[in-house]
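Since the structure comes first, as structure tokens, the remarks are kept for the end.
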Amino acid sequence: MKLPHERFDYSAMPQREPLRFPNGERIAVYMIVNIEEWNIEKPVAREYVTSPAGVVTVPNVPNWSWHEYGMRVGVWRIMDALAARDLKANVAINARVCEGAGEPVARAMREAGWDFMGHGYAQAPMHVVEDQVEVVNKSFAILKDYTGKAPKGWLGPGLQETLDTLDHLAAAGFRFVCDWPMDEHPVTMKTAAGPIMAMPYSFELSDLPMMVVHAHTSEVWLERAMDQFDRLYEEGAEQPRVMSLGVHPYIMGVPHRIAYFEEVLDYILDHDDVWFATADELYEWFVR
């Protein structure tokens, strides 16, 4: 068990040498689409409609169905929006999706050339699984077998880790994680099985905390995403930066939000000197 100061050193942004992206871009942007499988026989991972009087209901039909809508309808809107702009994303996926009823979603993303990231086997934080090593190894093996290549990235369910998780991830073969949103450059961290990279990630731009936890309107997400891009793009003239966007099909894929999602994509693509990459491509470039 290691504390953060034993994993990585402190580094101040103004003291670093400027990054040099492949073609001199100011900013690199990557997107994560979260694909999960919720078990109706357990309390749902999150609620949009709270249960009466704070009671934990099982089955939780309305909130389970809210997620199922994303798998049946919403995800296809997101995929269409990205395909229309010739963009690829990372999919952070519960490995069991590749084995169950939601497999057609995984198959469509595999055929689109998206990069798969580990997101646990089932939708549960590392703190509550019975055997964390087994979950990590099983997730890695399933994704490798399903896609034909070893997954590089990991996004923990809820971005949650224990102080031992990084060691287990590196030992299994994962090369970067998005659970440590502490920088706008990748950070190399030490593990018992060699280095692993913390990829820049912003949970303040993720649709889940914004739309569900903090109950912001779609206009706020649009404005915040554009403001984030504008400042990073400006600062990137001197020191290039990395920007992430994280979305969920049952949130951003609904009819009243998808236009805002498309507007953000078009706004970013309307700028020069932008590298719209996958997190895997960013990782490969940084290690080279």
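Here the sequence shown stands for residues 131 to 418, where the numbers follow my numbering.
Just so it is clear, CB atoms sit at the ideal spot from N, CA and C, and this is done for glycine as well.
Check for me: the alpha helix (DSSP H) holding I381 runs from which residue to which? By 1-based counting over the sequence shown, the position of residue 381 is 251. DSSP places I381 in the uninterrupted alpha helix (DSSP H) bounded by 379–382.
Counting only C-beta atoms, is E260 closer than 8 Å to chain C at any point? In the structure shown, chain C does not exist; there is a single protein chain.
Please report how far the alpha carbon of V159 lies from the alpha carbon of Y363, in whole angstroms. Walking along the sequence shown from the start, residue 159 turns up at place 29. Walking along the sequence shown from the start, residue 363 turns up at place 233. Their Cα atoms are separated by approximately 10 Å.
Taking 7 Å as the line, does the beta carbon of V174 fall inside it for any heavy atom of the ligand NAD? This structure does not include the ligand NAD; it has no bound ligands of any sort.
Short Cβ contact (8 Å threshold) for N220 with M247: Position 90 of the sequence shown, counted from the start, is the residue given in the question as residue 220. Position 117 of the sequence shown, counted from the start, is the residue given in the question as residue 247. Going by C-beta atoms, N220 is nearer than 8 Å to M247.
Give me the Cα-Cα distance between I162 and N190, rounded to the nearest whole angstrom. In the sequence shown, residue 162 corresponds to position 32, counting from 1. In the sequence shown, residue 190 corresponds to position 60, counting from 1. In a straight line, the C-alpha of I162 is about 27 Å away from that of N190.
Integer Cβ distance of G230 from M256, believed to fall under 8 Å: In the sequence shown, counting from the first residue as 1, residue 230 sits at position 100. In the sequence shown, counting from the first residue as 1, residue 256 sits at position 126. Incorrect: roughly 21 Å between the Cβ atoms, too far for contact.
Tell me the DSSP secondary structure of I170 in three-state form. Mapped onto the sequence shown, residue 170 falls at position 40. Coil at I170, not helix or strand.
Take the Cβ of V343 as the centre, count every other Cβ of all protein chains shown within 10 Å, and call the residue buried at 16 or more, exposed below. Here residue 343 is taken as the residue at index 213 of the sequence shown, counted from 1. By the 10 Å Cβ count, V343 comes out exposed.
Run through the DSSP bridge pairs and tell me what F391 is partnered with. On the sequence shown, residue 391 is found 261 positions in, with the first residue counted as 1. Paired residue(s): none; F391 is not in a bridge.
Excluding five sequence neighbours on each side, which residues of the same chain lie with their C-beta closer than 8 Å to the C-beta of P311? Walking along the sequence shown from the start, residue 311 turns up at place 181. Cβ within range, chain order: L289, P330, Y331, S332, F333.
Quick check: F306 and Y413, are their CB atoms within less than 8 Å of each other? What you label residue 306 is simply residue 176 of the sequence shown in a count that begins at 1. What you label residue 413 is simply residue 283 of the sequence shown in a count that begins at 1. Contact: yes.
Q262 and H298 closer than 8 Å at C-beta: Sequence index remark: in the sequence shown, residue 262 carries index 132 (1-based). Sequence index remark: in the sequence shown, residue 298 carries index 168 (1-based). Closer than 8 Å, so yes.
Within its chain, find whatever has a CB closer than 8 Å to the CB of I398; leave out the 5 residues flanking it on each side and keep chain order. Sequence index remark: in the sequence shown, residue 398 carries index 268 (1-based). By the criterion of a C-beta distance shorter than 8 Å, I398 is surrounded in its chain by V159, F359, V404, F406, once the five residues flanking it on both sides are discounted.
Buried or exposed: where does D396 fall if 16 or more other Cβ atoms within 10 Å of its Cβ makes it buried? Translated into positions along the sequence shown, residue 396 becomes position 266. With fewer than 16 other Cβ atoms within 10 Å, it is exposed.
From M131 to T292, what distance separates their C-alpha atoms? The sequence position of residue 131 within the sequence shown is 1, counting from 1. The sequence position of residue 292 within the sequence shown is 162, counting from 1. The straight-line gap from Cα to Cα measures roughly 9 Å.
As an exercise, report each continuous alpha helix (DSSP H) stretch of at least 4 residues that is fully enclosed by the stretch 133–212, in chain order. Within the stretch 133–212, the complete alpha helix (DSSP H) runs of at least 4 residues are 134–137, 191–199.
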